[in-house]
Structures are given as structure tokens and as C-alpha cells.
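Read in order, the letters of the sequence shown are residues 298 to 772 in this note's numbering. By construction, the Cβ of each residue, glycine as well, lies at the ideal position given by its N, Cα and C atoms.
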Amino acid sequence: MTKFYSSLDEIKGELQSGKITVEGLVENYLTQIQANSHLNAFNEVFADEARSRAKEVDTRIRSGAAGRLAGMVIGIKDNICYKGHKVSASSRILENFTSIYSSTIVGRLLAEDAVIIGRCNCDEFAMGASNENSYYGPVHNFADTSRVSGGSSGGSAVAVQANMCHAAIGTDTGGSVRQPASFCGLVGLKPTYGTISRHGIIAYASSFDQVGPITRSVEDAALLLEIMAGVDEYDSTLSRAAVPSFRANLEASSSPKKIAYLQEAISSPGVDDEVKATLVKYIDKMRAEGHTVTPVSFEYLDYIVPTYYILAMAEASSNLARYDGVHYGYRSPDSTDLLTTYKRSRSEGFGTEVKRRIMLGTFVLSAGYYDAYYARAQKVRRLIREKTDALLKEYDFILSPTAPEPAFPIGRKEKDPVVMYLYDIFTVKASLAGVPAISLPAGNNSNGMPLGLQLIAKRFAEQELLDFSKYFLEL
Ligand code: GLN
């Protein structure tokens, strides 16, 4: 079994002493990928390419010219473009599509000598919370293969959980990095909206989408964030501020903090008892260490999920209009004219959940219903953002579970989309508000399934969030 390295620093230590090589590491991960192919974490493995890149990185290490990610073997979610490689968003409609350019983040990761070992399974167009909406089938949780990986970046999370790569990159629109990280016992970070370039990321809901790392350690999350973040001429929503040296600055911060926690997480019957007990355990630990931990109620709690879904579906219906069977991607063999090309290609190319969202999104944007749904949801989003900002003025962090339950059995929730949507209750708030949030591993439940807790911080307060996260994991 390939050794589990807790952080890149540990790998670098062994590379430096000559104990291992990147080539050897890649070989180990490839063996692990093969042994765990039943988990369905990868849509494609770039085996030969990873081997030859590893050799190049080894040469650079020997000559002292290696980048900051030398030794880091990563998986990328299959909605991240990598020139010359297929990218499918786990959808039939992009089954044979090859990227003609690389996303900005892939360029930055490669420039620092990361090795990309493959593209990871995900929910189709990142729409889902269990990875059951993939054209390539569900991803299985490594802790219990009858259970889901979480989603939508489920393949990315399981690839790290099962040691098929050291870290992975996901995207988070409403929780898709944080929730699978929590289901797999890992660290999942969604940065402030406007931190990491979305250029070359297949769009789902553009005012929410952010790239984020899934790692075993806060150190690696800090390093990947620092490398991926920052101005890019192809994404006008990015902050112009200089990117701090998150990794070098990282210091477990134990100074007394003011933390709010959502009291509904403890009072609501919808939250699993062991999840509640874990939250209470951490609250007690933090109080014992001198932090102020206060229960708060979020006034708009009932509106969070509906607001997110109205807006995300509206944006998705617009973003997915480009898959028309004409420009690129799947074209129905039964097309006879322009209209049947559109209709049949989209009907056959998209899965059920994606079609549901395109239709609902089109509905809420239609002339007769725009004001009642889309425009109203925009106003509610503003209120949620203002309330969240106000709360974060008073408190350093907002603590909650990442998800109401640990990973559930495959097939259990799939039939009822509303149940699945409500599952996002804790994660979508940070997405609506555009603030950073992290999911941290908080032990396992009595069945051995990982549990995760989420910390939300102020806009662009990633350093404080990472520093406190490091301390939190040592509690
Ligand atoms: N579960 C949420 C959704 O389906 C979040 C997905 C995501 O963050 N990509 O929209």
C-alpha cells in the first residue's frame, strides 16, 4: 500500500533525502488507482504522461530548479480544461470533447511542477451533492463503498481519500468542494468569490463558481490556494489585491476568537445526532481553550436553499445554452434539420438532473415569472449577504456542520431532488454571500464514516481562516 503522506512537506523531505522519487510516487499512485478502480473516482488516468512528467520533475529536483509543487501528484475535477486532454463535466454531451486551451489554474499548477495524474469523476456539470448524477456512474466512498462520495467533486475527494493522488482540485458552487471533503475526512476550501480564476473552468453558475483544493492538510490547502489565486486577464471578477504568502505565513492561531455557531444545527431534527454531538464536542473544547462561542440564529435560514437554487438554475440555464449539438460536443445521429439537432442533441446529451435545472432555470427567467422568482431571489441574496457580513463583523468565524449527515447510502436520496437540495443548507450560505469557507475533518461516527465541520470567515480573510483551521485540527 502506498504510504499516506500527511502533507507535501513530508514528501519533499523524502525526495530531498533521496528516499523516494517523483517517478516512484507516480508509480505507487497508479497502482493504487488500478487497485481501487471500483471506486470510480477517475474518468480518465493520464498514466504515461504522468510518468514522463515525473521524470522531468525528478531531473529538476536534482538540479535544484524545481517548482514549489514538485512532488505533488494531483487529480483535477473533470470540469477543468487541460489543453489536449478530454474534459467532459461527466456529461454525455461532452463525451469526446478535447480542450483546446488550458485553464489558468492548470497552467499555474504545472508551472510549479505539479504532476496531474487524471481527471476526476463529478456530478454532471457539477450539479449535485452525491456524485450520483454523473454519466459515468456514482463514485464510491472509500470508507464504505456502499455509500456516496459526496458531490459534486466526489471523484476528487475519493481520489485523495484512497491515496490515488496526494491532493485534488475541485470546484465549489454551493458546497461541492467542502461537502465531499467532509464525507471523505479531508480538508476542503472554498475561497472568497473572486480569488481564483475561472478561466477554463466549465461554467455552472458563474456568480457562485470557485475553484478549491481538497487536501489532507491545511498546509497543502494554503500552498495550493496561494499558487492558484491572483489576477488573470481572462477573469474580470478577480480581486486585484496581491496574493499573500498563505503557506509561509501559516501559523496555528490560538489567540482567543469570537465564534458564532448556528443554533439550528443543534436544535433541528433534520441534523444527525452524531453530527450534533461532534459540533457540541468542538464547541466545548473551544470554550475550554478560552474562545467565546455563541449560539446565533440566522434570520433567513429558510430562504437560503431556495434562493441558491433559483439563482444557480437560472445561471445554469444560460451557461448551458451553448451545448447545442452544432458547435461542439454530442450531436444526435437522428438530427434532420436545425431544430431537431438542438432538440435531440440536448435531450439525449444531458442527464435528468441537468435537464430539470435547465427547465427550472428557464422558467424563473421567463417574462411572466422573472420578477416573482429571479429578481426576488437576487434581492434575498443581497439580504443574506448583508446579514452574513454583519454577523462576521461581530464574530471572527461562523461554525456549523458541513452537512446535516455523514455520507449516505448510494441510491437513497437520488429519487427526491428536493431532499438532496436541502442537504446543502450549511454550505450554500457562504456561496450566496461570496465569503470563504472551509470544511475540516472532525473524526468519524460510530460506523467509521468521516464527519466534517465548517468554518466561514470574512471576505478575503483566508489567512485567518487557515491559521485557525490549523489550530482547530490540533484541538
Ligand atoms: N449541491 C449543490 C448543487 O447541486 C452544489 C453543487 C456545487 O457546488 N457544484 O448545486
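Check each candidate in Leu770, Ala459, Ser564 and Ala758 and name the one with the smallest Cα separation from Ala440. Considering only Leu770, Ala459, Ser564 and Ala758, the residue with the shortest C-alpha distance to Ala440 is Ala459.
Run of the alpha helix (DSSP H) containing Ala411, from where it starts to where it stops: No alpha helix (DSSP H) holds Ala411; DSSP gives it neither H nor E.
Should Asp569 and Glu702 be called a contact, given that it needs their Cβ atoms to be closer than 7 Å? A contact, by the Cβ cut-off of 7 Å.
Quick one: does the C-beta of Asp469 sit closer than 6 Å to a heavy atom of the ligand GLN? Asp469 has its Cβ nearer than 6 Å to a heavy atom of the ligand GLN.
Just checking my contact of Val319 with Leu312 at CB under 8 Å: how many whole Å lie between their CB atoms? Going by Cβ atoms, the distance from Val319 to Leu312 rounds to 7 Å, so yes, they are a contact pair.
Is it buried or exposed for Gln476, if we count other Cβ within 10 angstroms and need 16 for buried? Classified as buried, Gln476 has 16 or more neighbouring CB atoms from the shown chains inside 10 Å of its CB.
Look at the alpha carbon of Ser385 and the alpha carbon of Gly425, and state the distance between them as a whole number of angstroms. Taking the straight line joining both Cα atoms gives about 16 Å.
Tell me, please, which residues DSSP counts as bridged to Thr512. Paired residues: Val484.
Have a look at Ala826 and Ile413 and give me their C-alpha separation to the nearest angstrom. Given a span of 298 to 772 for the chain in the structure shown, any question on residue 826 remains unanswerable.
Just how far apart, CA to CA, sit Asp345 and Ser594? If you take the alpha carbons of Asp345 and Ser594, they lie about 53 Å apart.
Option nearest Ala739 by Cα separation, candidates Met610, Val732, Lys767 and Leu729: Per the C-alpha coordinates, the member of Met610, Val732, Lys767 and Leu729 positioned closest to Ala739 is Lys767.
Straight-line gap, Lys573 to Gly381 (C-alpha atoms, nearest Å): Straight-line Cα distance between these residues: approximately 46 Å.
Do you know whose CA, among Leu729, Arg673, Arg359 and Gly626, lies nearest Ser396's CA? Measuring from the Cα of Ser396, the nearest candidate turns out to be Gly626.
Beta-carbon proximity check, Ser736 vs Ser479, cutoff 7 Å: Less than 7 Å separates the beta-carbon of Ser736 from that of Ser479.
When you compare each of Phe343, Gly527 and Ser614 to Ile655 by their alpha carbons, which one comes out closest? The option with the nearest alpha carbon to Ile655 is Ser614.
Could you tell me whether any non-hydrogen atom of the ligand GLN is closer than 6 Å to the CB of Ser387? Checking the Cβ of Ser387 against the ligand GLN gives no.
Are the beta-carbon atoms belonging to Asp410 and Ala465 less than 7 Å from one another? 7 Å or more divides the Cβ of Asp410 from the Cβ of Ala465.
Limits of the unbroken beta strand (DSSP E) element including Thr591: That run of the beta strand (DSSP E) goes Thr589 to Val593.
Contact belief for Ala609 with Leu662 at Cβ below 8 Å, rounded distance in angstroms: Rounded, the Cβ-Cβ distance is 12 Å, inconsistent with contact.
Tell me, please, whether the CB atom of Arg495 is closer than 7 Å to any CB atom in chain B? This model lacks chain B altogether, as it is built from one protein chain only.
Look up Gly467 in the DSSP assignment and say whether it is helix, strand or coil. The answer is strand: DSSP assigns Gly467 an E or B state.
So who's on the other strand from Gly749, going by DSSP bridges? Pro738.
Contact belief for Gly622 with Arg653 at Cβ below 8 Å, rounded distance in angstroms: Contact doesn't hold; Cβ gap of about 20 Å is too wide.
Measure from the alpha carbon of Ile695 to the alpha carbon of each residue in Leu547, Thr724 and Ser303, then state which is nearest. Comparing Cα positions, the closest option is Thr724.
Thinking C-alpha only, which one of Asn337, Pro714, Ser503 and Ala672 is nearest Gly491? Ranking Asn337, Pro714, Ser503 and Ala672 by Cα distance to Gly491 puts Ser503 first.
With DSSP as the reference, label Arg348 as helix, strand or coil. In this structure, Arg348 counts as helix in the three-state DSSP scheme.
Do Gly731 and the ligand GLN come close, with the Cβ less than 6 Å from some heavy atom? No - the ligand GLN has no heavy atom lying nearer than 6 Å to the Cβ of Gly731.
Can you tell me whether DSSP reads Arg444 as helix, strand or coil? Strand at Arg444.
For Val623, the three-state DSSP class (helix, strand or coil): Correct three-state label for Val623: coil.
Rounded C-alpha distance that separates Gly472 from Ala539: For Gly472 and Ala539, the distance between alpha carbons rounds to 26 Å.
For Leu696, which three-state DSSP category applies? In this structure, Leu696 counts as strand in the three-state DSSP scheme.
Which residues in the same chain have their Cβ closer than 6 Å to the Cβ of Lys316, if we skip the five residues on either side of it in sequence? Within the same chain, and ignoring the five residues on either side of Lys316 in sequence, no residue has its Cβ closer than 6 Å to its Cβ.
In terms of residue numbering, what span does the alpha helix (DSSP H) encompassing Ala609 cover? Where Ala609 is concerned, the enclosing alpha helix (DSSP H) starts and stops at Leu598 to Asn616.
Leaving out the 5 sequence neighbours to the left and right, which residues in its chain are closer than 7 Å to Leu483 when beta-carbon positions are compared? Cβ neighbours of Leu483 within its own chain (closer than 7 Å, five residues either side excluded): Ala454, Val457, Gln458, Ile511, Thr512, Arg513 and Pro738.
For Arg619 and Thr637, what's the separation of their Cα atoms in angstroms? For Arg619 and Thr637, the distance between alpha carbons rounds to 16 Å.
Beta-carbon spacing of Val256, Gly452 below 7 Å: Limits of the chain in this structure are 298 at one end and 772 at the other, which puts residue 256 out of reach.
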